[in-house]
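Undergrad: Residues 61 to 206 (this note's numbering) are what the sequence shown spells out, left to right.
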Amino acid sequence: MIALGSDHGGFRLKEEVKKYLQEKGYQFRDFGTDKEGSVDYPDFALQAARAVADGECQVGILICGTGIGMSITANKVRGIRAALCHDTFSARMSREHNDAQVLCMGQRVIGTGLALDIVKVWLESKFSGGRHCRRVEKIQNYEREK
61 MIALGSDHGG
71 FRLKEEVKKY
81 LQEKGYQFRD
91 FGTDKEGSVD
101 YPDFALQAAR
111 AVADGECQVG
121 ILICGTGIGM
131 SITANKVRGI
141 RAALCHDTFS
151 ARMSREHNDA
161 QVLCMGQRVI
171 GTGLALDIVK
181 VWLESKFSGG
191 RHCRRVEKIQ
201 NYEREK
């Protein structure tokens, strides 16, 4: 299950991502927003990121105008590693090297075609493990200290 979320600045792109996911047979839960009227991105980022952290969803995709606000907010949820990606290389590396569970993108930064390519690559990429486990564990250990 994929957690989806956006604010007004990412609403249109989220709707395109939903169509793509439906076409590819992915299951998802849309945490909103359901309109282009002004809303606060933390409300939607936190709901979706918590669903991933709690195991209700395996991964998440969050979209706002730039992706920055969603990324900052999602990374405040304990256990979440959210990656802001605006190219396919970063998307692949965020999964392979950082084991990111949440992808963040900006509707005002990238077009729909590139965004869908990023989603495809990100969903198909898997954590490489190996030396990267040590690095992710350091992040998790720090987080547990808090």
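Don't be surprised by glycine CBs; every beta carbon is placed ideally from N, CA and C.
Buried or exposed: which applies to Q200, given that a residue is buried once 16 or more other Cβ atoms fall within 10 Å of its Cβ?
TA: Flag for Q200 reads exposed.
Undergrad: Taking just the CA atoms, how far does E76 sit from T172?
TA: Near 7 angstroms, if we compare the C-alpha coordinates of E76 and T172.
Undergrad: For S66, write down the residues that DSSP places opposite it in a beta bridge.
TA: BP columns for S66 point to I123.
Undergrad: Can you give me the C-alpha to C-alpha distance between F187 and G166, rounded to a whole angstrom?
TA: Their backbone Cα atoms lie some 24 angstroms apart in a straight line.
Undergrad: Label S98 either buried or exposed according to how many other C-beta atoms from any shown protein chain fall within 10 Å of its C-beta, with 16 as the threshold for buried.
TA: S98 is exposed by the Cβ-count criterion.
Undergrad: Please go through the same chain and pick out, in chain order, the residues whose beta-carbon is closer than 7 angstroms to the beta-carbon of A113, but skip the five residues on each side of it.
TA: Correct list, in chain order: V137, R138, G139 and I140.
Undergrad: Among F88, Q118, M153 and F149, which one has its Cα closest to the Cα of H192?
TA: Among F88, Q118, M153 and F149, the Cα nearest to that of H192 is on M153.
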